[in-house]
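Asks: According to this note's numbering, the residues represented by the sequence shown are 37 to 603, in order. Glycine residues also receive a C-beta, built at the ideal position from the N, C-alpha and C atoms. Pasting in a structure now, in structure tokens, and then I'll have a few things to ask.
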Amino acid sequence: MVDPGTVVNVIKQARDRRTAPLILELDLTEGIVETAPADPLSALLAMRRPGLRDILDGLRRARSDSRVRALVVKVSGTVGLALAQELREAVQGLRDAGKHTVAWAETFGEGGRGTVPFYLATGFDKVYLQPTGEVGLTGVALEEPFFAGALEKAGVRPRFAKRYEYKTMANTFMEKTYTPEHEESSQRLVTSLGEQITAGIAAARGLAEEKVRELTDRGPLLAAEALEEGLVDGLAYRDEIYGALREEFGEEAQLRYVSRYNRAHGLADRLPQPGRQDVVAFINGQGPIRLGRSGRGGPLPNSGPAMGSDTIGAAFRAAVKDDRVKAIVFRVNSPGGSAVASDSIWREVVLARRAGKPVIVSMGNVAASGGYYVAMAADRIVAQPGTITGSIGVVVGKAVVNDLLERVGVGLGSVADGDHARMFSATKDFSDSEWERVNASLDKIYDDFTAKVAEGRDLSRERVHELARGRVWTGADAREHGLVDELGGIDLALDIARKRAGMASDAPVRIYPHTSPLERLRPPESSEDRTAASARFDGWGSLGGLAARLGLPSAGPLTLPGAWEIR
């Protein structure tokens with residue numbers, strides 16, 4: 037027989053759990069997933085990592101939830117500067133709603149870079165550091181390798197042509213040091229990013245910018261030094277930080293990860309609603325741009341995502357076809373890649389607008405070269421101040437490996453039918469007629485690119501050429517020059533989309549393509565359904581392994597060189 041007292045206690049405990057104060061948690065140790073990977077295995081493995089949409093939606097939901105009293109975030113690992121700015125904005129919204137926010141770290145860069153993680157932490161009410169940690173506030177630097185000397189020694193001759201002097205991918209392989217234009221562009225980038233970080237830290241910590249620069253030049257700072265200078269609020273271990281939160285908000289306060297909180301409390305939003313419900317479509321474009329389906333960008337399990345023109349195109353067509361969709365937000369986080377694939381995606385943006393559906397682009401850490409190409413036709417472009425964008429230019433070429441093969445004793449025979457049959461072979465240089473074809477292609481792509489920028493951004497061709505020539509800009513500078521419209525993140529892009537479409541400020545958002553990891557295993561039914569994706573790697577064909585070992589490019593003519601993520 038059940039004891040009535042036990043039943044009462046169980047009911048009371050359940051009620052207490054439903055009404056107890058909540059302390060939201062976020063652990064950035066393994067980074068943030070912007071979108072679920074396209075291949076099923078990676079998508080399943082990524083489910084344990086916090087997703088950007090879950091974080092932003094959860095923090096927005098928490099603003100008006102009286103149960104949520106605080107947010108505590110472990111700042112660890114690395115996030116790009118633009119993503120850090122996005123998170124700071126979301127945290128500021130929570131602070132404005134009267135919630136207490138705490139950032140803590142074991143260290144901000146143990147023998148490594150800690151500038152951006154610390155910048156992110158300063159967006160919180162309180163910043164705590166483990167007593168043995170450091171504040172690796174050392175500034176912003178960009179190191180760019182030049183392979184010309186090494187390739188020469190290896191017997192590899194890089195043969196590239198570009199449009200124009202700021203398109204620096206060719207320099208990476210053909211120069212031994214900076215050209216004047218390359219150095220000018222890179223220096224302006226780090227200066228702009230440094231200004232943003234310094235201003236952000238100074239405002240958050242109540243310090244003069246000159247003082248922050250002085251501390252940066254002294255960094256990294258020991259924990260005690262950081263405390264003395266007012267960079268952190270206290271030195272404490274995890275248990276002490278959590279103990280203080282429980283003391284402030286009660287022992288009955290429950291811990292809940294932001295992602296879990298959002299999924300649990302957002303269940304009602306995902307259930308079918310009676311009657312017609314208008315939505316904003318959210319399309320996520322991540323990684324190098326290529327023809328075909330999205331998937332992994334390389335052959336290794338930890339390779340990042342790739343943006344396939346088939347997948348993104350199908351997502352746009354599905355959103356346009358759906359009468360419930362009144363606007364589209366296109367998230368772009370890409371260094372570019374294939375010019376043809378970029379153009380295919382650009383066309384889908386144009387067609388969506390012609391169908392009466394406003395398209396708003398939200399740029400992530402990087403949206404440059406092909407990443408800018410796919411964005412430029414949107415109604416509005418939103419970027420973070422630290423977004424790497426622009427790079428309106430083109431580069432085409434190949435590596436000639438004859439001398440290398442000769443040195444290692446490899447003979448290579450060839451037969452051909454056609455004067456240009458071996459034009460892109462890595463075992464012969466371009467002939468004069470082939471080189472003429474290369475330059476004709478460059479001129480056509482660049483002219484087409486800049487013409488579409490002029491049309492999309494309402495600028496003259498002459499002004500676009502001044503801003504283009506392959507030059508890379510920060511989001512802050514790009515806004516000054518008219519290449520982007522607004523500074524902000526996904527939330528701002530969604531707000532603009534809703535207003536453009538005349539929708540309610542809380543109109544729901546639906547992901548396109550909307551497929552689970554298991555659904556991606558099924559074959560598509562038609563070309564309108566080509567959103568299923570499997571891992572693939574497009575490279576140098578039979579010379580792919582050699583190209584990868586030499587660090588040679590394989591992504592396409594509209595590609596930003598290097599790893600343009602300031603951390």
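Who are residue 324's beta bridge partners in DSSP?
Replies: For residue 324, DSSP assigns no beta-bridge partner whatsoever.
Asks: Work out the CA separation of residue 229 and residue 248 for me, nearest whole Å.
Replies: Distance between the alpha carbons of residue 248 and residue 229 is about 14 Å.
Asks: Between the Cα of residue 372 and those of 415, 404 and 246, spot the shortest distance and give me the residue it belongs to.
Replies: 404
Asks: Check whether the stretch 425–440 touches the stretch 474–481, counting contact only when three or more Cβ pairs, one atom from each stretch, lie closer than 8 Å.
Replies: yes
Asks: Determine the burial state of residue 480: buried for a count of at least 16 other Cβ atoms within 10 Å of its Cβ, exposed for fewer.
Replies: exposed
Asks: Are the beta-carbon atoms belonging to residue 489 and residue 512 less than 8 Å from one another?
Replies: no
Asks: What does the alpha-carbon distance come out to for the pair residue 103 and residue 329?
Replies: Computed Cα separation, rounded: 43 Å.
Asks: Going along the chain, which residues of its own chain have a beta-carbon closer than 6 Å to the beta-carbon of residue 133, five neighbours each way excluded?
Replies: 99
Asks: Is residue 121 helix, strand or coil by DSSP?
Replies: helix
Asks: What number of angstroms, rounded off, separates the C-alpha of residue 497 from the C-alpha of residue 482?
Replies: 12 Å
Asks: Pick from 440, 153, 348 and 470: whose alpha carbon is nearest that of residue 454?
Replies: 470
Asks: Would you mind working out which of 267, 227, 448 and 438 sits nearest residue 173, comparing C-alpha positions?
Replies: 267
Asks: Could you tell me whether the stretch 127–145 touches the stretch 103–115, using the rule of 3 or more Cβ pairs below 8 Å?
Replies: yes
Asks: Decide if residue 223 is buried, meaning its Cβ has at least 16 other Cβ atoms within 10 Å, or exposed.
Replies: exposed
Asks: With a threshold of 16 other CB atoms inside 10 Å of the CB of residue 139, please say whether the residue is buried or exposed.
Replies: buried
Asks: Please determine, among 300, 499, 151 and 464, the residue with the shortest C-alpha to C-alpha distance to residue 111.
Replies: 151
Asks: Measure the Cβ-Cβ separation of residue 240 and residue 158 and say whether it is below 8 Å.
Replies: yes
Asks: Once you ignore the five residues that flank residue 362 on each side, which residues in its own chain have a CB closer than 6 Å to its CB?
Replies: Around residue 362: 314, 537 and 539.
Asks: Taking residue 440 and residue 190 to be in contact with their CB atoms under 8 Å, please state how far apart those CB atoms are, rounded to whole angstroms.
Replies: 6 Å
Asks: If we count the other Cβ atoms within 10 Å of its Cβ and call it buried at 16 or more, is residue 300 buried or exposed?
Replies: exposed
Asks: Looking only at its own chain, which residues have a Cβ that is under 6 Å from the Cβ of residue 421, when we skip the five neighbours before and after it?
Replies: 232, 511, 512 and 523
Asks: May I ask you to report which of helix, strand or coil DSSP gives residue 547?
Replies: Three-state result, residue 547: strand.
Asks: Closest to residue 27 by C-alpha separation, out of 251, 153 and 226, would be which residue?
Replies: Residue numbering for the chain in the displayed model covers 37 to 603; residue 27 lies beyond these limits and cannot be assessed.
Asks: With a threshold of 16 other CB atoms inside 10 Å of the CB of residue 218, please say whether the residue is buried or exposed.
Replies: buried
Asks: Quick check on this structure: which residue in 447, 319 and 283 has the alpha carbon closest to the alpha carbon of residue 533?
Replies: That would be 319, whose Cα lies nearest to the Cα of residue 533.
Asks: Assess contact between the stretch 165–181 and the stretch 443–451, defined as three or more Cβ pairs (one per stretch) separated by less than 8 Å. Is contact present?
Replies: no
Asks: Could you say which of 378, 360 and 294 lies nearest to residue 348 if we only look at CA atoms?
Replies: 378
Asks: Near residue 395, what residues of its chain come up, given a Cβ to Cβ distance below 7 Å and the 5 sequence neighbours on each side ignored?
Replies: Sequence-distant partners of residue 395 (beyond 5 residues in either direction) whose C-beta falls short of 7 Å from its own C-beta, in its chain, are 364, 366, 385, 388, 389, 414 and 415.
Asks: Rounded to whole angstroms, what is the Cα-Cα separation between residue 227 and residue 192?
Replies: Each residue's alpha carbon lies about 35 Å from the other.
Asks: If you draw a straight line from the C-alpha of residue 527 to the C-alpha of residue 92, how long is it?
Replies: 8 Å
Asks: Excluding the 5 residues flanking residue 113 on each side, which residues of the same chain have their C-beta closer than 6 Å to its C-beta?
Replies: Within the same chain, residue 113 has close Cβ partners 64, 65 and 67.
Asks: What residue from 324, 169, 237 and 359 has the CA that sits closest to residue 344's CA?
Replies: Selected option, being the one with the closest Cα: 324.
Asks: Rounded to whole angstroms, what's the CA-CA distance from residue 520 to residue 443? Just pull it up for me.
Replies: Put simply, the backbone Cα of residue 520 is about 50 Å away from that of residue 443.
Asks: Whole angstroms are fine: how far does the CA of residue 509 sit from the CA of residue 225?
Replies: 7 Å
Asks: Drop a sphere of 10 angstroms on the beta-carbon of residue 423, count the other beta-carbons inside from all chains shown, and report buried for 16 or more, exposed for fewer.
Replies: buried
Asks: Would you mind giving the Cβ-Cβ distance between residue 178 and residue 156, rounded to the nearest angstrom? I have them listed as a contact below 8 Å.
Replies: In fact, because the Cβ distance is near 19 Å, the residues do not count as touching under 8 Å.
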